[in-house]
Amino acid sequence: MTSSLFSLSGGSPAPVTLTLTRPGRAQASTLRRVAAVVTRVLKMDSGAMVRLVSRGEDATDLLIATPLGCVVSQRIHATVSEDGAVISADPLPALLGDAATADDGADGASIGLSGRMDMLWAGTPPPESGWSLVDTIPGADVREVFGQLQAEAEAHSGPAGLPPSLLDQPLLRLTSKGQTGIIEIPGSVVAAMGSLGLVKEPPAQLADHDLIRVSVTGSWIRIDAIFGTAYLPRPGGLARIPTPR
Numbered sequence: 001m002t003s004s005l006f007s008l009s010g011g012s013p014a015p016v017t018l019t020l021t022r023p024g025r026a027q028a029s030t031l032r033r034v035a036a037v038v039t040r041v042l043k044m045d046s047g048a049m050v051r052l053v054s055r056g057e058d059a060t061d062l063l064i065a066t067p068l069g070c071v072v073s074q075r076i077h078a079t080v081s082e083d084g085a086v087i088s089a090d091p092l093p094a095l096l097g098d099a100a101t102a103d104d105g106a107d108g109a110s111i112g113l114s115g116r117m118d119m120l121w122a123g124t125p126p127p128e129s130g131w132s133l134v135d136t137i138p139g140a141d142v143r144e145v146f147g148q149l150q151a152e153a154e155a156h157s158g159p160a161g162l163p164p165s166l167l168d169q170p171l172l173r174l175t176s177k178g179q180t181g182i183i184e185i186p187g188s189v190v191a192a193m194g195s196l197g198l199v200k201e202p203p204a205q206l207a208d209h210d211l212i213r214v215s216v217t218g219s220w221i222r223i224d225a226i227f228g229t230a231y232l233p234r235p236g237g238l239a240r241i242p243t244p245r
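Start counting the sequence shown at 1; every next residue gets the next number (the UniProt record's numbering).
Given below as structure tokens:
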């Protein structure tokens, strides 16, 4: 059976291909959710980039650079032809939407992605293993903090948006019994997770899993939620993320 191909004309002579490892319709809700997250990021930064990182034999993480001091990760069932490739986020919502509605009846459908820009995202991506758990907190607690941030923003933001003092201020402080020290999550990252839907209230069947797990390595802070993961550089570490273009 010939795989279907969704792509844009033109672009780089060496495009990247995502090959679905489950039929598009079988993971349609995930593909649509990822498309929605990318769309929201593009409203913040029209030049946003995505790094494609292979995870195991049948999954790929889409690391989406945001202008809020963190990278947001979304996972789909697909393999990537060039592990670590960096592409423009702009075509992804339409392409993922097409893949979600494709009536191909089998896996193996491909999404062609042009416009590589690997040089704009230096350094290595967050690792898959080697994390030390700091704490696990209820998702409702983070939603409450995000709600307070929104209220403050409505009261004090100016024409340029949220005041830097709100974005830079640590809004979550966590400690563990280990040697991780105090881990601070700034308002910018809380704003990213809230506005991008990573910490939205889940349906009833997922309520027991509504937890936020914070972990660290020497260079990264990782925040896992039901609907995605945020990564931010740990102060004093070697991690680097792109700045808005």
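All residues carry an ideal CB built from backbone N, CA and C; glycine is no exception.
When Arg32, Val50, Ala204 and Gly56 are compared, the shortest CA-CA separation from Leu63 is found for Val50. No residue range can be given for Pro125, since it is assigned to no alpha helix (DSSP H) and is classified by DSSP as neither H nor E.
Judged by DSSP in its simplified three-state form, Gln74 adopts strand.
Measuring C-alpha to C-alpha distances from Pro15 to each of Arg55, Pro91 and Asp58 identifies Pro91 as the nearest. Assigned with DSSP and collapsed to three states, Ser132 falls in strand. Here DSSP, grouped into helix, strand and coil, assigns Glu152 to helix. With fewer than 16 other beta carbons inside 10 angstroms of its own, Ile182 counts as exposed. The C-alpha of Val142 lies about 15 Å from the C-alpha of Ala207. Within the same chain, and ignoring the five residues on either side of Leu42 in sequence, the residues whose Cβ sits closer than 7 Å to its Cβ are Ala48, Ala89 and Asp90. With a 10 Å radius around the Cβ and a threshold of 16 neighbouring Cβ atoms, Ala225 comes out buried. Annotation: the continuous beta strand (DSSP E) that includes Arg55 extends over Met49 to Arg55.
For Thr30, the enclosing alpha helix (DSSP H) covers residues Ala28 to Met44. For the options Met44, Leu68, Val37 and Thr66, the alpha carbon positioned closest to that of Ile76 is the one of Val37.
Pro125 counts as buried, since no fewer than 16 other beta carbons sit within 10 angstroms of its beta carbon.
Cα atoms of Arg240 and Leu18: separation of roughly 25 Å, rounded to the nearest angstrom. Membership of Ala230 in the beta strand (DSSP E) is indicated by the continuous run Gly228 to Pro233. In summary, Arg22 is buried, with 16 or more beta-carbon neighbours lying within 10 Å of its beta-carbon over all protein chains present. Excluding residues up to 5 positions away in sequence, Pro163 and Leu166 lie with their Cβ nearer than 8 Å to the Cβ of His156 in the same chain.
Pro15 carries a coil assignment under DSSP once its states are collapsed to helix, strand and coil.
Leaving aside the five residues that flank Gln150 on each side, the residues in its chain whose CB is nearer than 8 Å to its CB run, in chain order, Gly194.
Assignment of Gly178 by DSSP, reduced to helix, strand and coil, places it in the coil class.
Taking 9 Å as the cut-off, the Cβ atoms of Ala192 and Leu113 do not count as close. For Pro244, the closest of Thr79, Asp58 and Cys70 by C-alpha to C-alpha distance is Cys70.
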